Structures are given as C-alpha cells and as structure tokens.
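Undergrad: Line order of the protein sequences matches chains A, B, C and D.
Quick note: the first sequence, position 7, residue 7 per UniProt numbering, numbers continuous.
Quick note: the second sequence, position 106, residue 106 per UniProt numbering, numbers continuous.
Quick note: the third sequence, position 28, residue 28 per UniProt numbering, numbers continuous.
Quick note: the fourth sequence, position 33, residue 33 per UniProt numbering, numbers continuous.
Where a beta carbon is used, it is the ideal one built from N, C-alpha and C, also for glycine.
Since the structure is predicted, the reported quantities are computational estimates derived from the model, not experimental observations.
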Amino acid sequence: MTPRIAIQEAPFDLAEETARLTEGRSDIGGLASFVGLCRADDGLAAMVLEHYPGMTERAITRIAEEAAGRWPLFGITVIHRVGRLPPGAPIVLVLTASAHRAAALESCAFLIDWLKTGAPFWKREELADGESRWVEAKAADDAAAARWTAA
Amino acid sequence: MTPRIAIQEAPFDLAEETARLTEGRSDIGGLASFVGLCRADDGLAAMVLEHYPGMTERAITRIAEEAAGRWPLFGITVIHRVGRLPPGAPIVLVLTASAHRAAALESCAFLIDWLKTGAPFWKREELADGESRWVEAKAADDAAAARWTAA
Amino acid sequence: MRVLYFAWVKQHVGVAEEEVAPPPEVRDVAGLIDWLAGRSPGHAAAFANRKTIRAAVNQDFAGPDHPVTAGDEIAFFPPVTGG
Amino acid sequence: MRVLYFAWVKQHVGVAEEEVAPPPEVRDVAGLIDWLAGRSPGHAAAFANRKTIRAAVNQDFAGPDHPVTAGDEIAFFPPVTGG
Numbered sequence: 001m002t003p004r005i006a007i008q009e010a011p012f013d014l015a016e017e018t019a020r021l022t023e024g025r026s027d028i029g030g031l032a033s034f035v036g037l038c039r040a041d042d043g044l045a046a047m048v049l050e051h052y053p054g055m056t057e058r059a060i061t062r063i064a065e066e067a068a069g070r071w072p073l074f075g076i077t078v079i080h081r082v083g084r085l086p087p088g089a090p091i092v093l094v095l096t097a098s099a100h101r102a103a104a105l106e107s108c109a110f111l112i113d114w115l116k117t118g119a120p121f122w123k124r125e126e127l128a129d130g131e132s133r134w135v136e137a138k139a140a141d142d143a144a145a146a147r148w149t150a151a
Numbered sequence: 001m002t003p004r005i006a007i008q009e010a011p012f013d014l015a016e017e018t019a020r021l022t023e024g025r026s027d028i029g030g031l032a033s034f035v036g037l038c039r040a041d042d043g044l045a046a047m048v049l050e051h052y053p054g055m056t057e058r059a060i061t062r063i064a065e066e067a068a069g070r071w072p073l074f075g076i077t078v079i080h081r082v083g084r085l086p087p088g089a090p091i092v093l094v095l096t097a098s099a100h101r102a103a104a105l106e107s108c109a110f111l112i113d114w115l116k117t118g119a120p121f122w123k124r125e126e127l128a129d130g131e132s133r134w135v136e137a138k139a140a141d142d143a144a145a146a147r148w149t150a151a
Numbered sequence: 001m002r003v004l005y006f007a008w009v010k011q012h013v014g015v016a017e018e019e020v021a022p023p024p025e026v027r028d029v030a031g032l033i034d035w036l037a038g039r040s041p042g043h044a045a046a047f048a049n050r051k052t053i054r055a056a057v058n059q060d061f062a063g064p065d066h067p068v069t070a071g072d073e074i075a076f077f078p079p080v081t082g083g
Numbered sequence: 001m002r003v004l005y006f007a008w009v010k011q012h013v014g015v016a017e018e019e020v021a022p023p024p025e026v027r028d029v030a031g032l033i034d035w036l037a038g039r040s041p042g043h044a045a046a047f048a049n050r051k052t053i054r055a056a057v058n059q060d061f062a063g064p065d066h067p068v069t070a071g072d073e074i075a076f077f078p079p080v081t082g083g
C-alpha cells in the first residue's frame, strides 16, 4: 500500500479519489474521509496557504506510514491545497480505506489531527478591508494531535 | 438543519451528496464521511439487505436528532441501501458537516456505530456455492455503540 | 393486532405479517411470544431461542415486559446487522 | 549553509532564502538564530520572540540543540497552521 500524497493548487475530486482507492477490489469494508473547507469567518476574503516544498511531502509521507503501521489500511490519500483559496473552497482531503470501519475512521481522524500540527503549512487570511493576518496555531490542535501519542 | 435520510436500492453519489450539504455556504469547516462497502469474504456472491420500512426511517431520524443535539452540526446525511448488492458495492453513507473537524468526525463515527446496532436492517450472505446465511450481530458492534453512551 | 416478522424469523414463520387476536391474558411482548409459539411448528421454531429474538412495538424497540394491546403493530426479528 | 524562511519570518527577513557562512562557533539551531538575528534589523525582528519560532534541519523538525553544519538546509518558520 503506497499512500497517495499530493500538494496542489487545483481542487481535488472526492468521487475520483474514492474511486481510485476502491476500483477493482472488494476487500474494502470501510472508507472514511475528511474534507476541510475554508470558512468565511470575520470578513474573510481569501485564505492564502504557503508550504515548505519537499519537507511537506516528506512529513506527510512519514505520518501516513505511521498510520499504516498502526491500522490495517488498504489505502491512504492525503491532498492538501496551497495558494489563494476563496471562502467555501475545500483545502484538505484525507481518505482512508480498511476492511473494517474502526480502522478507517480512527486513521482518518489521526491523519487530520496530525496534519494540523506536524506538516509545514501556514495560513494567511486576507480580509475584505484589505488587511492580512497570519493564522495563529491553536493549543487545541496540539492537544488533538497529542491524544494519539498518549494512547 | 433537517437530516437527509434515505433508504434505497439505488447507489448513492458521494460527490452529489457532499455538494448538497455544502453548496452556497461558507460556514462549514469540516465534512466527514463514512462509506461502508460489501466485502467479498469467504466466497460471497451477494449481500441481501432487508429492513423494516417505516421503523428504519424513524430510528435513523431519532439518532440523527441525537447527533444534532450532541454536536453543532450544519448537515447530516444518512443513506442506506437495501436489496441485493454485489461484492464491492457501497452499502451505507454517513456524511456530517460542522464548523470544526472534531464535531464532524465524532458525529460521523457515532452515527455509523449506532446504525450497526440500532437500525432495523438485516444482512443475508449469498455464497458462490448457492448456500445462504444470515449475518450474525457482533458483540464488537454493541461495544462500539455503547462507548457513546458511556461518555 | 398486526404482527410483522423479519429475516430468519420470517423464514421460520413462513409469512411476513399476520393479523392476530390473542386472548386477553396476553398483555406484554413475552406473553405474545408464548402465545405465538403455539400457533404452528414454524412459529415454534422461530421463537425456540428467545435470547436471539428482538421486538418492536409500534416501530420502537421494546423489551419482553413492554405492554401489547389490540391495534398495536408488533415486530419480531433477530439482532440487527445493518451499517 | 542554506537558510529558508516561511510565513511571517520570511516577511520580516525580507527574503525566502539565503546562503550563509556562520563562524565555526555556531554549532546548533539556537546558535544560528543568535548569529542570524545580528545580520539586519529585519532578521532581528524575525527572531525577536524565540518562543514563536520553529526550525527544521534538512527538512525534519529540529529543536534549539540540534547541530547545524555547512551543507545543511535549515528553515525557520512560525508554528504550523495547515489542515
């Protein structure tokens, strides 16, 4: 099982990514997905995502491999968009496939929790009034990621 | 927020269902989905799903309302197929939308755990050798559903 | 009183549903099971192992002590296996 | 030694990356930060609050004690906010 990892400006297609994981096989019993979208909070005009090319892919590959070691997975897909995204736009997709639902659901939650704290992406909010500000990291995200190591 | 609940023989379209929940809004930050598929274990030729029309919709509506009371959700979709399904076919879709990822992920897991034990569906396996057998309920499924009431 | 059967309970009984008029001493789900089990060998087979039977009264899950009255819709089935 | 900057660290420093040749007494991430902070007012502003700075050495997260040597790729950035 080789995780599919992509960093791209283009949108992703959930149906296409699902088909890519399931096509031609009948051993998958559960497919879990998470899509993170750009919320239009506080007069947001656009979200601009920057990343560290090279390290990003490397960091995501490592955590995907960790997920594959912790749960019996048949497929992992992580797609993270970068660049300028309007409110409502999908930002990130995590998709996991397993024989059973618990492995798919838990690994999907693990991957998105970890992506929030362990992959080199930075978000900048462009506001309707022309101002711009960097999104600050949240303690809640660190706590969410930490619960997977406490277990 | 009115949950979308459907019991149908026809396949569902994950992309269409996702679009239905997100279209025209930009307050959704996380969208979690689970798709359960028919695995081809032990020479399975087809899975035949029976349900209790009327009670099924009623039971799923009730648990969707419970999920909406426990998590701040913008959307819930539950589609469960019935009839004869070949190996590899999608059986069930649970889709939840919220401002934040934890609410979407947790409510999605809650709904599928509960569907396994609290909605009147029965699965019969048709085997390649012509035999047929009813799937037995699993203690593990009861335990998975129970963890949501223990919390 | 309308009684519905699902899955292997239905296969044993041989019908998906039937109208029944149990005597007045049948007051709850457990009593109805006892009475139904005597109706035919198929019914007896269906209800042979009470532990594997679940019931619903008017489309809500119901335990053995749940009251049943004329006009109710009562269903018997194995533990559910959906999802 | 190649140094990369991201997000507001990059905005303060004014460049996305630079080649630097620190003196031999610069042996770890913390030492490199001290040395870089003296290169310009922009660098000083970028590194003013060390607690908000994260580092990577050769594309792995690295703490202040992590050694740095000529030929390394070293990056400085705020806590990450992806996902």
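So which of D/Asp28, D/Arg27, D/Glu19 and D/Val13 has the shortest CA-CA distance to glycine 42 of chain D?
TA: To locate residue 42 of chain D, count along the fourth sequence from 1; it is residue 42. That would be D/Val13, whose Cα lies nearest to the Cα of glycine 42 of chain D.
Undergrad: By Cβ distance, which residues of its chain are closer than 6 angstroms to aspartate 141 of chain A, with the 5 residues on each side in sequence left out?
TA: Taking the first residue of the first sequence as position 1, residue 141 of chain A is located at position 141. Answer for aspartate 141 of chain A: Lys116 and Thr117, listed in chain order.
Undergrad: Considering only C-alpha positions, which residue in the set C/Ala16, C/Val80 and C/Pro22 is nearest to threonine 52 of chain C?
TA: To locate residue 52 of chain C, count along the third sequence from 1; it is residue 52. Among C/Ala16, C/Val80 and C/Pro22, the Cα nearest to that of threonine 52 of chain C is on C/Val80.
Undergrad: Tell me the DSSP secondary structure of aspartate 42 of chain B in three-state form.
TA: Here residue 42 of chain B refers to the residue found at position 42 of the second sequence. Aspartate 42 of chain B: helix per DSSP, three-state reduction.
Undergrad: Does the stretch 62 to 82 of chain B come within contact of the stretch 95 to 104 of chain B, defined as at least 3 CB pairs closer than 8 angstroms?
TA: yes
Undergrad: Can you tell me where the beta strand (DSSP E) holding phenylalanine 78 of chain B begins and where it ends?
TA: Working through the second sequence from its first residue, we reach residue 78 of chain B at position 78. Just to set this straight, residue 78 of chain B is valine in the shown sequence, not phenylalanine. Note, valine 78 of chain B: beta strand (DSSP E), 73 to 81.
Undergrad: Whole angstroms is fine: what's the gap from glycine 83 of chain C's alpha carbon to glutamate 19 of chain C's?
TA: Residue 83 of chain C sits at position 83 when you count from the first residue of the third sequence. Residue 19 of chain C sits at position 19 when you count from the first residue of the third sequence. So the alpha carbons of these two residues sit roughly 31 angstroms apart.
Undergrad: Starting from the C-beta of alanine 37 of chain D, find all residues in its chain whose C-beta is less than 7 angstroms away, skip the five residues before and the five after it, and write them out in chain order.
TA: What you label residue 37 of chain D is simply residue 37 of the fourth sequence in a count that begins at 1. Hits under 7 angstroms: His43, Ala44 and Phe47.
Undergrad: Which of the three DSSP states, helix, strand or coil, is assigned to aspartate 28 of chain D?
TA: Translated into positions along the fourth sequence, residue 28 of chain D becomes position 28. DSSP places aspartate 28 of chain D in strand when its eight states are reduced to three.
Undergrad: Answer yes or no: does any C-beta atom of chain C fall closer than 8 angstroms to that of alanine 40 of chain B?
TA: Along the second sequence, read from residue 1 onward, the residue named residue 40 of chain B stands at position 40. No, because no Cβ of chain C sits closer than 8 angstroms to the Cβ of alanine 40 of chain B.
Undergrad: Kindly list, in the order they appear in chain A, the residues whose Cβ is closer than 9 angstroms to that of alanine 45 of chain D.
TA: By one-based count along the fourth sequence, residue 45 of chain D stands at place 45. Neighbours of alanine 45 of chain D on chain A: none; closest Cβ ~14 angstroms, over 9 angstroms.
Undergrad: Is it the case that the stretch 39 to 49 of chain B contacts the stretch 121 to 129 of chain B, given that we only count it when at least three CB pairs across the two stretches are under 8 angstroms?
TA: yes
Undergrad: Where does arginine 81 of chain B land, buried or exposed, given buried means 16+ other C-beta within 10 angstroms?
TA: Within the second sequence, residue 81 of chain B is the residue found at index 81, counting from 1. Arginine 81 of chain B is buried by the Cβ-count criterion.
Undergrad: Closest to alanine 40 of chain B by C-alpha separation, out of A/Trp114, A/Val35, A/Gly29 and A/Gly75, would be which residue?
TA: Position 40 of the second sequence, counted from the first residue, corresponds to residue 40 of chain B. Nearest C-alpha to alanine 40 of chain B: A/Gly29.
Undergrad: If you follow the beta strand (DSSP E) that methionine 20 of chain B is part of, which residue opens it and which one closes it?
TA: Taking the first residue of the second sequence as position 1, residue 20 of chain B is located at position 20. The amino acid at residue 20 of chain B is misidentified as methionine; the sequence shows arginine. Note, arginine 20 of chain B: premise wrong, no beta strand (DSSP E); alpha helix (DSSP H) at 14 to 22.
Undergrad: Going along the chain, which residues of the stretch 101 to 121 of chain B sit with their C-beta nearer than 9 angstroms to a C-beta in chain A?
TA: Cβ contacts with chain A come from Arg101, Ala102, Ala104, Leu105, Glu106, Cys108, Ala109, Ile112, Asp113 and Lys116.
Undergrad: Under the three-state reduction of DSSP, which class applies to threonine 96 of chain A: helix, strand or coil?
TA: Taking the first residue of the first sequence as 1, we reach residue 96 of chain A at position 96. Threonine 96 of chain A falls in the strand class under three-state DSSP.
Undergrad: Between which residues of its own chain and threonine 61 of chain A is the CB-CB distance below 8 angstroms, once the five residues before and five after are set aside?
TA: Position 61 of the first sequence, counted from the first residue, corresponds to residue 61 of chain A. For threonine 61 of chain A, where only same-chain residues beyond five positions count, the Cβ hits under 8 angstroms are Pro3 and Ile5.
Undergrad: Does threonine 69 of chain C pass the burial test, meaning 16 or more other C-beta atoms within 10 Å, or should it be called exposed?
TA: The residue you call residue 69 of chain C lines up with position 69 of the third sequence. Threonine 69 of chain C is exposed by the Cβ-count criterion.
Undergrad: Which bits of chain C does tryptophan 148 of chain B rub up against, with CB to CB less than 7 angstroms?
TA: In the second sequence, the residue the question calls residue 148 of chain B occupies position 148. Going along chain C, no residue has its Cβ under 7 angstroms from tryptophan 148 of chain B, so there is no contact; the nearest lies around 14 angstroms.
Undergrad: According to the neighbour-count rule (16 or more other Cβ atoms, all chains shown, within 10 Å of its Cβ), is threonine 22 of chain A buried or exposed?
TA: One-based indexing of the first sequence puts residue 22 of chain A at position 22. Taking all protein chains in view, the Cβ of threonine 22 of chain A is crowded by 16 or more other Cβ atoms within 10 Å, so the residue is classified as buried.
Undergrad: Shorter than 8 angstroms from the beta carbon of arginine 58 of chain B to some beta carbon of chain C?
TA: If you number the second sequence from 1, residue 58 of chain B lands on position 58. Judged by the 8 angstroms Cβ criterion, arginine 58 of chain B is in contact with chain C.
Undergrad: Spatial neighbours of glutamate 9 of chain B within its chain, please: CB distance less than 8 angstroms, with the 5 preceding and 5 following residues excluded, ordered by chain position.
TA: Walking along the second sequence from the start, residue 9 of chain B turns up at place 9. Around glutamate 9 of chain B: Arg81, Val82 and Gly83.
Undergrad: Checking contacts by CB at 8 angstroms: is proline 22 of chain D closer than that to chain A?
TA: Taking the fourth sequence and counting its residues from 1, the one referred to as residue 22 of chain D is at position 22. With 8 angstroms as the cut-off, proline 22 of chain D does not count as an interface residue toward chain A.
Undergrad: Looking at C-alpha atoms only, which residue of A/Asp42, A/Leu31 and A/Pro90 is the closest neighbour of alanine 128 of chain A?
TA: As a working mapping, residue 128 of chain A is identified with position 128 in the first sequence. The shortest C-alpha separation from alanine 128 of chain A is found at A/Asp42.
Undergrad: With DSSP run on the structure shown, which of helix, strand or coil describes residue 84 of chain C?
TA: Not covered by the structure: residue 84 of chain C. The range shown for chain C is 1 to 83.
Undergrad: Taking Cβ positions, are alanine 7 of chain D and tryptophan 134 of chain A nearer each other than 8 angstroms?
TA: By 1-based counting over the fourth sequence, the position of residue 7 of chain D is 7. By 1-based counting over the first sequence, the position of residue 134 of chain A is 134. Cβ distance < 8 angstroms, so alanine 7 of chain D and tryptophan 134 of chain A count as in contact.
Undergrad: If you measure from the CB of isoleucine 28 of chain B, is any heavy atom of the ligand GDP nearer than 7 angstroms?
TA: Within the structure as shown, the ligand GDP is missing, as the structure has no ligands at all.
Undergrad: Can you list the residues of chain A that threonine 96 of chain B reaches, using a CB-CB cut of under 8 angstroms?
TA: Here residue 96 of chain B is taken as the residue at index 96 of the second sequence, counted from 1. Within chain A, no residue comes near threonine 96 of chain B; the closest Cβ sits about 10 angstroms away, beyond 8 angstroms.
Undergrad: Classify methionine 55 of chain A as helix, strand or coil using the three-state DSSP reduction.
TA: Locating residue 55 of chain A in the first sequence gives position 55, where the first residue counts as 1. The three-state secondary structure of methionine 55 of chain A, taken from DSSP, is helix.
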